[in-house]
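Below is one structure, written out as structure tokens, with a few remarks after it.
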Amino acid sequence: MPANSPGYGRIRVVSESRRRPLVPNGVMGMLIFVICEVMLFAGLISAFTILRASAPVWPPPGQPRLPVASTAVNTAMLLASGVLLVATQRIFPRDRARARRPLLLSMLLGGGFVAFQGVEWFRLIRQGLTLTSSTLGSFFYLIVGMHALHALAALALLVYTWVRLQRGWLAQSQLATAAVFWYFVVIVWPVLYGVVYL
Amino acid sequence: MSGARRELAGLAALLVLAVPRAGLACAVCFGSQSDLARKAFFGTTMLLTLLPFVLIGGLIWWVRRRAREFDEQARREARAERAPRIGETASLP
Numbered sequence: 298m299p300a301n302s303p304g305y306g307r308i309r310v311v312s313e314s315r316r317r318p319l320v321p322n323g324v325m326g327m328l329i330f331v332i333c334e335v336m337l338f339a340g341l342i343s344a345f346t347i348l349r350a351s352a353p354v355w356p357p358p359g360q361p362r363l364p365v366a367s368t369a370v371n372t373a374m375l376l377a378s379g380v381l382l383v384a385t386q387r388i389f390p391r392d393r394a395r396a397r398r399p400l401l402l403s404m405l406l407g408g409g410f411v412a413f414q415g416v417e418w419f420r421l422i423r424q425g426l427t428l429t430s431s432t433l434g435s436f437f438y439l440i441v442g443m444h445a446l447h448a449l450a451a452l453a454l455l456v457y458t459w460v461r462l463q464r465g466w467l468a469q470s471q472l473a474t475a476a477v478f479w480y481f482v483v484i485v486w487p488v489l490y491g492v493v494y495l
Numbered sequence: 004m005s006g007a008r009r010e011l012a013g014l015a016a017l018l019v020l021a022v023p024r025a026g027l028a029c030a031v032c033f034g035s036q037s038d039l040a041r042k043a044f045f046g047t048t049m050l051l052t053l054l055p056f057v058l059i060g061g062l063i064w065w066v067r068r069r070a071r072e073f074d075e076q077a078r079r080e081a082r083a084e085r086a087p088r089i090g091e092t093a094s095l096p
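As given, the protein sequences belong to chains A and B, one line each in that order. Counting the first sequence from 1 gives a position; our numbering is that position plus 297. Counting the second sequence from 1 gives a position; our numbering is that position plus 3.
Quick look at the structure:
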């Protein structure tokens with residue numbers, strides 16, 4: 298602005314002094330993505346439910362039983378991971394240094410969940426449950442595998458978040474974006490467990 | 004469309020009405036007539052129909068609630084520090 302112009306040296310208040318986004322862009326984008334993924338899992342659950350209800354005998358004879366009890370423990374581990382992430386989000390605005398520990402524990406529990414699922418898969422494959430052995434095998438690996446893929450992606454995002462936190466670059470909205478994805482992984486799993494395992 | 008073609012199209016439409024079974028889109032849907040399967044079809048149809056409304060409605064509800072919270076907070080802050088109104092001028096330091 299030229300020095301001799303009438304407005305020089307004065308500012309005109311044209312709107313509220315503080316403007317924050319209603320929902321951070323990252324969080325909104327992640328929410329829209331999660332809505333799409335919920336529909337994907339709803340479609341898979343629907344197909345599995347209809348197949349199961351239409352089958353004369355379920356589970357198909359000659360197929361190994363799914364590990365219900367050990368997966369229940371694994372489910373509890375994943376839920377605990379979600380609770381720790383909630384704690385991280387509560388602590389983060391007040392004390393960033395203290396938020397590291399619950400985030401790290403949350404990641405470790407999430408990693409433990411994925412690793413345990415992998416071990417269970419190997420055990421089931423060795424027992425004869427494969428993608429082509431039966432409709433149970435096909436749907437089991439498709440649905441649980443799809444969830445594992447999401448869990449791995451969300452875990453990678455949490456690791457990235459943790460690295461940023463360690464370096465002091467993490468914004469609250471970035472933590473919230475990663476948390477939305479992880480909450481989706483945590484919340485959808487008990488539903489899948491109930492539909493597929495029980 | 005010529006008269007003969009129109010008659011032919013009408014006849015084809017009548018034939019479709021006469022044999023509705025041939026028009027079934029999904030043979031699997033009628034593969035099982037058990038009560039459990041019917042309930043599964045109904046339940047999953049409801050799930051897939053209503054879920055988008057619940058998800059998008061939930062998102063809109065949450066954003067509106069957040070907007071109300073923001074407005075309330077802005078009002079509280081304005082009351083606390085008496086911010087200049089829109090259109091007012093303030094001198095630079």
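Beta carbons: idealized from backbone N, C-alpha and C, even for Gly.
Starting from the beta carbon of residue i, find every residue of chain B whose beta carbon is closer than 9 angstroms, and list them in chain order.
i	result
Gln431 of chain A	One detail in the question is off: residue 431 of chain A reads as Ser in this sequence, not Gln. Under the 9 angstroms cutoff, chain B gives no residues; its nearest Cβ is about 17 angstroms from Ser431 of chain A.
Met336 of chain A	Leu51, Leu54, Pro55 and Leu58
Leu472 of chain A	Per Cβ cutoff of 9 angstroms: no residues; Leu472 of chain A is ~17 angstroms from chain B at best.
What whole-angstrom Cβ distance do residue i and residue j have, given they're in contact under 8 angstroms?
i	j	result
Val335 of chain A	Leu58 of chain B	6 angstroms
Ala344 of chain A	Leu50 of chain B	11 angstroms between Cβ atoms; not a contact.
Gln469 of chain A	Phe389 of chain A	6 angstroms
Pro321 of chain A	Ala473 of chain A	7 angstroms
Ile440 of chain A	Val493 of chain A	6 angstroms
Classify residue i as buried or exposed, calling it buried when 16 or more other Cβ atoms lie within 10 Å of its own Cβ.
i	result
Ile63 of chain B	exposed
Trp459 of chain A	buried
Ile347 of chain A	buried
Trp486 of chain A	buried
Thr47 of chain B	buried
Ala7 of chain B	exposed
Pro399 of chain A	buried
Trp479 of chain A	buried
Tyr490 of chain A	buried
Ala373 of chain A	exposed
Tyr438 of chain A	buried
Interface residues of chain B around residue i at Cβ under 7 angstroms?
i	result
Ala339 of chain A	Leu50, Leu51 and Leu54
Can you name the residues of chain A whose CB is closer than 7 angstroms to the CB of residue i?
i	result
Ala70 of chain B	Leu319
Phe44 of chain B	Ile347
Between which two residues does the alpha helix (DSSP H) carrying residue i extend?
i	result
Val66 of chain B	Asp38 to Glu84
Tyr494 of chain A	Premise fails: Tyr494 of chain A is in no alpha helix (DSSP H) and is neither H nor E.
Trp479 of chain A	Gln469 to Leu489
Val380 of chain A	Val365 to Ile388
Gly359 of chain A	It is not in any alpha helix (DSSP H) - Gly359 of chain A carries neither H nor E in the DSSP assignment.
Val335 of chain A	Asn322 to Ser351
Ala451 of chain A	Thr432 to Arg464
Arg393 of chain A	Premise fails: Arg393 of chain A is in no alpha helix (DSSP H) and is neither H nor E.
Interface residues of chain A around residue i at Cβ under 8 angstroms?
i	result
Ala100 of chain B	Residue 100 of chain B cannot be examined here, being either before or after the span of chain B that is shown, 4 to 96.
Ala83 of chain B	Near Ala83 of chain B there are no residues of chain A at all, since even the closest Cβ is about 12 angstroms away, more than 8 angstroms.
Give me the chain A residues within the contact set of residue i, using Cβ-Cβ distance strictly less than 9 angstroms, ordered along the chain.
i	result
Phe73 of chain B	Arg317 and Leu319
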